[in-house]
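Trainee: Chains as they are written, first to last, in our numbering: chain A, 1 to 442; chain B, 443 to 731.
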């Protein structure tokens, strides 16, 4: 009798593991009708509602009324009629350099300035918003919450009984569910943007733009069982395959792209983003965004920001194409950013001849950009400061001092006066005692 | 009593006593630059930026962010820090959310400082002793904000509250065969930034074991206790320690002799520039023209 019971154990284990595997294969699918919020979800919904206030209080919202109006206008053309009391579609721009957008279950849709600056036209913006609107309309947030909850409960029961194997399948299925919902948002979003009159080919372009990595800090990850989103390339392929069906019956050339108007409205956002990218130490991304504006005969501010980006690069080269860096190097860059300060990272590069040569080249280019800014607007005092700081790094203290004096004279109430006065004093000291090698921090 | 047993008991008592003395030290952590300790680079007029809090609630099956509850924690932290700093004899200007709403320029400056601080905070949490070695500098953003607010330095704070729900605590107890479950807690990190150069001069942490009920119903009590622990090592405005590395002290005393204004610095540079390098010029500490 006891022997027969023992023989059953592997079968029970097999059935439990198979059950966990079946749950793991469950496909994520949105629900586009009315969906009631359960009692145990009220806390989550309270947090969701509080997010709007949190972003406002912390000053994360972007101030530009024109770009906010554009995002809101396009978003509203893409949003369906709310199916529930708790859903109210509203669109916000966040001042954040990360190219990202997200939707919350109560219809709040956010897009970061970092993504707005990266996009090239209105149709690409529509593609982003259409995708996010589908997350809210399909109750993806609530359904994910429920799915994770159920799987966690199942894991508590199955985990110990299956010696952890069940947990593995369930954890895998959480990510699989998320990827399914992302694919659904892409598929339905594409249809929505076509219905609103936008060219769906721009969704593919938008996904390509998201894959760019000018800083060399995003190692390529093949979409695995542990990814929340499908691979960008796979998403682009899926969109390409869906376009003929979505545009059936539409005359070619009738779908809108809206590049010039978008560029006019987004230009101030690009300049703000470039400033933020430089402040966050992402000068390569900043340079990539500002370069086209400078090439088109940009404003004094654009040239000045190009100079600032070059100066912030310091000993880092501009990566001309991602293929130069291997995945391992990208991972190393990412780790270095997390653990080492900005000046420490520069110091590492300055130990090599190549690093010193790169810094020299970047500083010379920075001076050129600052001078171009001054040629457009001779009253731009900050350009004198930039030239002074770049020339000091280049080992030309007298000229550097002269430029800093020009800056201090032109803006006697400059908020960073205290730093510049100290820099001028250091230069004076250098001239008296002979030049000293400059540190890594540009 | 057997002498061996007595010796063992004495040793055990000593260990318990030492551990008892060490435990409060674990709940408060501080790292300061030598200049901060010696008062040379310690800001005396401070501006307190709105604190940022994060509240994580661990339930039986998953964790939730409690965004709505963070507001109370942030408000209490602002009050508690302000009281502590004033009690230590420093001047404090509180930058509240209402001020940020009204003034777009101030809002932008504060957001930039907070972004920059968040970047360094990750590194500081990983290696807090780096503060003592003057490893962390936030640069021009801090200088600009301090000039705008007319203060010598900034206080930036971050709070993390982690709360176990009753169900979670019960489940953990069951799974761990009665062993105590992970405690709920709140920790408050406070950093002092120098308005002259953006240097992180001091980093203080207060840790307060708590419960979900206390964190949601009595945020005042928990925050005040965590804050008191964080400030337990913050020197009073009158205290100046003697430190071995006195480079900051030397710099500060030369500045105290006669603060060099921009006019003096310009004149000094121009005198040298016009006469050619190596020519004698006005001393760095000469008064304004």
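Built from N, CA and C at the ideal position, the CB exists for glycine as well.
Determine, using beta carbons only, whether residue 44 of chain A comes closer than 7 Å to chain B.
Mentor: Chain B contact via Cβ: present.
Trainee: How should residue 586 of chain B be labelled, buried or exposed, when 16 other C-beta atoms within 10 angstroms of its C-beta is the threshold for buried?
Mentor: Its Cβ being crowded by 16 or more others within 10 Å, residue 586 of chain B is buried.
Trainee: Under a Cβ-count criterion, where at least 16 other Cβ atoms within 10 Å of its own Cβ denotes burial, should residue 252 of chain A be classed as buried or exposed?
Mentor: The residue in question, residue 252 of chain A, is exposed, as its Cβ has fewer than 16 Cβ neighbours within 10 Å.
Trainee: Pull up the distance between the alpha-carbon of residue 714 of chain B and that of residue 398 of chain A, whole angstroms please.
Mentor: Near 9 Å, if we compare the C-alpha coordinates of residue 398 of chain A and residue 714 of chain B.
Trainee: Return yes when the Cβ of residue 597 of chain B is within less than 7 Å of the Cβ of residue 553 of chain B, no when it is not.
Mentor: Going by C-beta atoms, residue 553 of chain B is not nearer than 7 Å to residue 597 of chain B.
Trainee: Starting from residue 560 of chain B, trace the alpha helix (DSSP H) both ways and give me its first and last residue.
Mentor: Per DSSP, residue 560 of chain B belongs to the alpha helix (DSSP H) from 546 to 568.
Trainee: Is the separation between the beta-carbon of residue 606 of chain B and that of residue 682 of chain B shorter than 7 Å?
Mentor: Not a contact, by the Cβ cut-off of 7 Å.
Trainee: Any chance the region 557 to 572 of chain B sits against the region 336 to 356 of chain A, with 3 or more Cβ pairs inside 8 Å?
Mentor: Contact between the region 557 to 572 of chain B and the region 336 to 356 of chain A is present, because at least three Cβ pairs lie under 8 Å.
Trainee: Could you tell me which chain A residues have their CB closer than 7 Å to the CB of residue 452 of chain B, listed as they occur along the chain?
Mentor: Those do not exist, as residue 452 of chain B stays about 44 Å from chain A at its closest Cβ, beyond 7 Å.
Trainee: Count the other C-beta atoms from every protein chain shown that fall within 10 angstroms of the C-beta of residue 14 of chain A, then say buried if there are 16 or more, exposed otherwise.
Mentor: Exposed.
Trainee: For chain B, is any of its Cβ atoms less than 7 Å away from the one on residue 47 of chain A?
Mentor: Judged by the 7 Å Cβ criterion, residue 47 of chain A is in contact with chain B.
Trainee: Looking at the structure shown, is residue 31 of chain A part of a helix, part of a strand, or coil, going by DSSP?
Mentor: Coil, per DSSP.
Trainee: At 9 Å on the CB atoms, spell out the chain C contacts of residue 504 of chain B, in chain order.
Mentor: Among the chains of the structure shown, chain C does not appear; the protein chains present are A and B.
Trainee: Could you check whether the region 529 to 538 of chain B touches the region 496 to 516 of chain B, counting it as contact only if at least three pairs of C-beta atoms, one from each stretch, sit closer than 8 Å?
Mentor: Counting Cβ pairs under 8 Å, fewer than three are found: no touch.
Trainee: DSSP puts residue 472 of chain B in a beta bridge; with which residues?
Mentor: According to DSSP, which records beta bridges pairwise, residue 472 of chain B is partnered with B/646.
Trainee: Three-state secondary structure (DSSP) at residue 87 of chain A?
Mentor: Looking at residue 87 of chain A - three-state DSSP - the assignment turns out to be coil, as it is neither helix nor strand.
Trainee: If you measure from the beta carbon of residue 301 of chain A to each beta carbon in chain B, is any gap under 7 Å?
Mentor: It does not; no Cβ of chain B falls within 7 Å.
Trainee: Kindly list, in the order they appear in chain A, the residues whose Cβ is closer than 7 Å to that of residue 539 of chain B.
Mentor: Those within 7 Å of residue 539 of chain B in chain A are 57.
Trainee: What are the residues in the region 333 to 351 of chain A lying within 7 Å of chain B by C-beta distance?
Mentor: Here the close residues are 338, 339, 341.
Trainee: On a CA-only basis, which of B/576, B/526, B/518, B/492 is nearest residue 659 of chain B? Give me that one, please.
Mentor: Nearest of B/576, B/526, B/518, B/492 to residue 659 of chain B, Cα basis: B/518.
Trainee: Which two residues bound the contiguous beta strand (DSSP E) that contains residue 600 of chain B?
Mentor: Its beta strand (DSSP E) spans residues 595 to 606.
Trainee: Quick check on residue 450 of chain B: buried or exposed, where buried means 16 or more other Cβ atoms within 10 Å of its Cβ?
Mentor: That one is exposed.
Trainee: Would you mind stating whether residue 704 of chain B and residue 408 of chain A have Cβ atoms separated by less than 7 Å?
Mentor: In this structure, residue 408 of chain A lies closer than 7 Å to residue 704 of chain B by Cβ.
Trainee: DSSP three-state label for residue 619 of chain B, please.
Mentor: Note: residue 619 of chain B maps to coil in three-state DSSP.
Trainee: Tell me which residues of the region 606 to 635 of chain B have at least one Cβ-Cβ distance to chain A shorter than 7 Å, keeping chain order.
Mentor: Listed by position along the chain: nothing, the set is empty.
Trainee: Does the CB of residue 711 of chain B have a neighbour CB from chain A at under 7 Å?
Mentor: With 7 Å as the cut-off, residue 711 of chain B counts as an interface residue toward chain A.
Trainee: Which class does residue 493 of chain B belong to by DSSP, given the choice of helix, strand or coil?
Mentor: In this structure, residue 493 of chain B counts as coil in the three-state DSSP scheme.
Trainee: Check whether the Cβ atoms of residue 669 of chain B and residue 482 of chain B lie closer than 7 Å to each other.
Mentor: No, these two residues do not count as a Cβ contact at 7 Å.
Trainee: In chain order, what residues of the same chain have a beta carbon less than 7 Å from the beta carbon of residue 321 of chain A, not counting five sequence neighbours either side?
Mentor: At residue 321 of chain A, the pLDDT of 48 sits below 50, so the modelled position is not reliable; the number obtained from the coordinates is stated separately. No residues qualify anywhere along the chain.
Trainee: Please name the residue or residues paired with residue 377 of chain A in a DSSP beta bridge.
Mentor: DSSP, once it has assigned bridges, lists no residue as partnering residue 377 of chain A.
Trainee: Assuming residue 231 of chain A contacts residue 282 of chain A (C-beta within less than 8 Å), just tell me the rounded distance between them.
Mentor: With a Cβ gap of about 23 Å, residue 231 of chain A and residue 282 of chain A do not count as contacting.
Trainee: Against residue 554 of chain B, what residues of chain A qualify as contacts under a CB-to-CB distance less than 7 Å, listed in chain order?
Mentor: Correct list: 279.
Trainee: Can you name the residues of chain A whose CB is closer than 9 Å to the CB of residue 590 of chain B?
Mentor: Correct list: 415.
Trainee: On the three-pair Cβ rule with 8 Å, is the region 131 to 144 of chain A touching the region 302 to 319 of chain A?
Mentor: They do not touch, by the three-pair rule.
Trainee: Taking CB distances under 7 Å as the criterion, tell me whether residue 424 of chain A reaches chain B.
Mentor: At least one chain B Cβ lies under 7 Å of residue 424 of chain A.
Trainee: Excluding sequence positions up to five away, which residues of its chain have a Cβ less than 6 Å from the Cβ of residue 358 of chain A?
Mentor: Excluding residues within five positions, the ones whose Cβ falls inside 6 Å are 315, 317.
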